[in-house]
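In numbering that gives the first Met the number 0, the protein residues as written are 0 to 285.
Think of the CB as a built atom: it goes at the ideal place given N, C-alpha and C, for glycine as much as any other residue.
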Amino acid sequence: MRFSFNLLLFSLLSLFLAGCAEFKAVTVEDWPSENVEMNDELAELYRVVAKKSGVVTMLDGYADIWIKTTRRQERVYSNIQLKRSEDMRIIVSSGVMGLPVADMLFRPDSMFVHDMLNNLLLVGANNPGNIEKVLGLRTGYRLLSDALSGIVSVEEPLRAVESVRKGDGKVSYTIATSAGKKQLLVNSATRNMEGLLVSDRYGRKQVQIHFRNFAPFVLKGENVNLPGQIDVLLFNPRIDGGGKHEMVIEYDERTINPDVLEIDYRVPVKARVIELEKVVDVLPWM
C-alpha cells in the first residue's frame, strides 16, 4: 500500500523558528564570460583547487538552515555530522525551545529518517529519488555531502576541462562529466572555490552552489579556506511546477577532521516503519 505524507511526515516543520531571525535567501553571482585559452597559470590554479578539494574528510558542527520553495520558506537548526562520502547524520531542531524533531542517517547505500513527532521511521535505498522525497531535492549523495562539507570534490584530470572563462578576478572551468557538465568558479587571488554549477547532458541547470564567508583552517598540512555559508539553488521540473528551491546553510560552529567522530544513530525500536519506495509525495521539508 502506498503511503502519502502531505500532513504526517515533517508536519513538525510548521513549528519553525518564525520571527526569531532574519530570513536568508540565496544570492546568485554572475559567472565570468570571457573565453580564454588554457595556459600554465590557469592549469596550476586548477591543480591547486583539485588538490585542496579532498582535505576535508569529516565534519561535526551546528548550522542554521534556511529553506525556500515556491510553497514555503522555513528555518531550522541542525547538528550535522558527516564522514565525507560515507555516513552522515542530521538532527533537526525546531520551535522556540529548539527541540529535536527529526533524526536522519544517510549511508552510501541506505537512509533512515525518524520523524520524532509522529514516531515514524522511513527506510530505503540512498539514491537521488529517495533523497528527493526526504529533502525535496533530487541530488546524488556525493554532491549533498560535498555541499554540507563546504568543498566540492574535483577528481577530474586537467584534460577533462573543456573551456575556461575569466572576469572580475574569477576563473570558471567547464568540465565534462558522465552526466553532463559541471563548472567550477574559482577566485584567482585567494584560490578559493566559490561556486559550482551542475548541468545535465541537455545543458539544463540542475544545481548551483555558492560558497561565502571563508575562514582559514590548516588541514593535512595545507592552508585551506572553508566557507561559513553555503548557498544552494536546485532546479527540478518535477517539484512545484518547476520552481527553484533555495537552501542557505550557515555554520555557527564546527570541527573539521576531528580525531574521533562517532556517528551514534540508534534506530527507534517502537517507531512505525515505512519504506521510502512506497512514499509517493515529495515531502514539504524542502
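What first and last residue would you give for the alpha helix (DSSP H) that runs through residue 219? As a working mapping, residue 219 is identified with position 220 in the sequence shown. Note, residue 219: premise wrong, no alpha helix (DSSP H); not H, not E.
When burial is assigned at 16 or more other CB atoms within 10 Å of the CB, is residue 138 buried or exposed? Sequence index remark: in the sequence shown, residue 138 carries index 139 (1-based). Label assigned to residue 138: buried.
I want to know whether the region 240–254 touches the region 41–54 - three or more CB-CB distances under 8 Å. no
Alpha carbon of residue 131 to alpha carbon of residue 259, nearest angstrom: For the purposes of this step, residue 131 is identified with residue 132 of the sequence shown, where counting begins at 1. For the purposes of this step, residue 259 is identified with residue 260 of the sequence shown, where counting begins at 1. So the two alpha carbons sit approximately 31 Å from each other.
Give the secondary structure of residue 158 by DSSP, where H, G and I count as helix, E and B as strand, and everything else as coil. Translated into positions along the sequence shown, residue 158 becomes position 159. If DSSP states are grouped into helix, strand and coil, residue 158 belongs with the helices.
Going straight from the alpha carbon of residue 33 to that of residue 201, what length do you get? Taking the sequence shown and counting its residues from 1, the one referred to as residue 33 is at position 34. Taking the sequence shown and counting its residues from 1, the one referred to as residue 201 is at position 202. In a straight line, the C-alpha of residue 33 is about 23 Å away from that of residue 201.
Exposed or buried, residue 123, counting other C-beta atoms within 10 Å across all chains shown (16 or more means buried)? What you label residue 123 is simply residue 124 of the sequence shown in a count that begins at 1. Buried, because 16 or more other Cβ atoms sit within 10 Å of the Cβ of residue 123.
Would you grab the beta carbon distance between residue 166 and residue 186 for me? Rounded to a whole angstrom, and I think it's under 8 Å. If you number the sequence shown from 1, residue 166 lands on position 167. If you number the sequence shown from 1, residue 186 lands on position 187. Not confirmed; about 12 Å, so no contact.
Would you check if there are 3 or more beta carbon pairs closer than 8 Å linking the region 50–59 to the region 249–269? yes
Any idea which residues DSSP pairs residue 245 with across the strands? One-based indexing of the sequence shown puts residue 245 at position 246. According to DSSP, which records beta bridges pairwise, residue 245 is partnered with 67 and 232.
For residue 226 and residue 216, believed in contact at Cβ under 8 Å, the rounded distance: Here residue 216 refers to the residue found at position 217 of the sequence shown. Here residue 226 refers to the residue found at position 227 of the sequence shown. Rounded, the Cβ-Cβ distance is 11 Å, inconsistent with contact.
Candidates 189, 51 and 117: which alpha carbon is nearest residue 150's? The count along the sequence shown starts at 1 and reaches residue 150 at position 151. Answer by Cα proximity: 51.
Near residue 103, which residues of its chain fall below 6 Å by C-beta distance, leaving aside the five closest residues on each side in sequence? For the purposes of this step, residue 103 is taken as the residue at position 104 of the sequence shown. Once the five neighbours on either side are set aside, the close Cβ partners of residue 103 are 89 and 112.
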